[in-house]
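So the protein sequences, as listed, match chains B and U. The number in this note's numbering is simply the position in the first sequence, starting from 1, with 46 added. The number in this note's numbering is simply the position in the second sequence, starting from 1, with 46 added. Below you'll find the structure, written out as structure tokens, and then a few comments.
Number of protein chains: 2
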Amino acid sequence: MKLNTKSRYAVMALADMSKFPINNPVSLRDISLRQSISLLYLEQIFLKLKKNEIVKSVRGSSGGYVLKRDPKNIKLSEIFQAVDQKVKTVGCKKDSKKGCNGKSVKCITHELWDELDIYINNFFENKNLSDLLMTKERKN
Amino acid sequence: MKLNTKSRYAVMALADMSKFPINNPVSLRDISLRQSISLLYLEQIFLKLKKNEIVKSVRGSSGGYVLKRDPKNIKLSEIFQAVDQKVKTVGCKKDSKKGCNGKSVKCITHELWDELDIYINNFFENKNLSDLLMTKERKN
DNA sequence: TAATACTTGACTATTTTAGTCGGGTATATA
DNA sequence: TATATACCCGACTAAAATAGTCAAGTATTA
Numbered sequence: 047m048k049l050n051t052k053s054r055y056a057v058m059a060l061a062d063m064s065k066f067p068i069n070n071p072v073s074l075r076d077i078s079l080r081q082s083i084s085l086l087y088l089e090q091i092f093l094k095l096k097k098n099e100i101v102k103s104v105r106g107s108s109g110g111y112v113l114k115r116d117p118k119n120i121k122l123s124e125i126f127q128a129v130d131q132k133v134k135t136v137g138c139k140k141d142s143k144k145g146c147n148g149k150s151v152k153c154i155t156h157e158l159w160d161e162l163d164i165y166i167n168n169f170f171e172n173k174n175l176s177d178l179l180m181t182k183e184r185k186n
Numbered sequence: 047m048k049l050n051t052k053s054r055y056a057v058m059a060l061a062d063m064s065k066f067p068i069n070n071p072v073s074l075r076d077i078s079l080r081q082s083i084s085l086l087y088l089e090q091i092f093l094k095l096k097k098n099e100i101v102k103s104v105r106g107s108s109g110g111y112v113l114k115r116d117p118k119n120i121k122l123s124e125i126f127q128a129v130d131q132k133v134k135t136v137g138c139k140k141d142s143k144k145g146c147n148g149k150s151v152k153c154i155t156h157e158l159w160d161e162l163d164i165y166i167n168n169f170f171e172n173k174n175l176s177d178l179l180m181t182k183e184r185k186n
């Protein structure tokens, strides 16, 4: 059970941005340097974040990306969805009336995986970007 | 974020076994047929479960595998550990005093991933094999 | 007009996953 | 005691997913 780098980097990059005054464009180059994430990879990730209305872009020199909303209003679950990281622990379809793996009955552990999905999603639903910063501040 | 088949099959197979009287060897062939899991793959999985003292084997004709403990006392977290499925959502080492990715500081989201790991592990710590069967019975 | 920075699709190497294969050994029962 | 059943185990492999890179742009500002 592992998180992929895309989601991890997305959260890291957005957390990085949150530390700067809103409306102040932050360039991917800077994020790349500060967080040690490949610039080219970041570009890929931010396109998705943009499409999903989490950030907006400011083109041209001294441009960059800007959070589209207050960090308080950006849930981690949104970020994950944006970068295609579904939290879907197994193949058999969630809530499917039909069975799993083409059979006519639900697999014996079906309810368990459904429950797990909900449980994990819940974690991300209840955390927003500003929560991350607060934790950080308390510690240092 | 996805569960691998090894852990899923392990739980499915053990849940299947739990339905039979304890001390009655259940053959992998039967589990394979009932749960539609490749026999050869099951063998791989059960070797691990055996090494980790979750089942014991009865060799020879009319042999099979037997749960080593009451289903009530087999936590899902044990099963996951047995089949090498660490719940470790990211690369940076849990609780590491040093930084992440070879840097001297913790990555900005480090605490978050630690928290997530604990959260998920908690789910598996608090569920045992017999819980699965009970859910099943309530529903049918 | 040069430099900065976003835009986009296609491509690729690496790693992980999900198995299979082959050749065993042990034991019950006919 | 033969034989079928069932566990044992390491090595191998195809396919999919991941984690990026590359090339060739466009927009904007200093």
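Positions of the beta carbon are idealized from the N, C-alpha and C atoms, including for glycine.
- Here Gln131 (chain U) is near Ser53 (chain U), since their CB atoms are less than 7 angstroms apart.
- A distance below 7 angstroms between beta-carbons, with the five flanking residues on each side excluded, links Arg75 (chain B) to the following residues of its chain, in chain order: Leu85.
- Here Ala56 (chain U) is not near Ile77 (chain U), since their CB atoms are 7 angstroms or more apart.
- When Cβ pairs closer than 8 angstroms are counted between the two stretches, the segment 103-112 of chain B is seen not to touch the segment 164-174 of chain B, the count staying below three.
- Annotated three-state conformation of Lys97 (chain B) is helix, per DSSP.
- Here Lys173 (chain U) carries a coil assignment [DSSP, helix/strand/coil].
- Leu179 (chain B) and Ile154 (chain U) have their C-alpha atoms some 8 angstroms from each other.
- 7 angstroms or more divides the Cβ of Gln90 (chain B) from the Cβ of Asp62 (chain B).
- At least one CB of chain B lies nearer than 7 angstroms to the CB of Val136 (chain U).
- A residue is called buried when at least 16 other Cβ atoms come within 10 angstroms of its Cβ; Asp163 (chain U) meets this threshold and is buried.
- Put simply, the backbone Cα of Asn69 (chain U) is about 12 angstroms away from that of Pro117 (chain U).
- Taking the Cβ atoms as the reference, Leu49 (chain U) lies roughly 6 angstroms from Val136 (chain B), within the contact range of under 8 angstroms.
- At least one CB atom of chain U sits nearer than 7 angstroms to the CB of Ala61 (chain B).
- It is roughly 34 angstroms from the alpha-carbon of Val104 (chain B) to the alpha-carbon of Ile166 (chain B).
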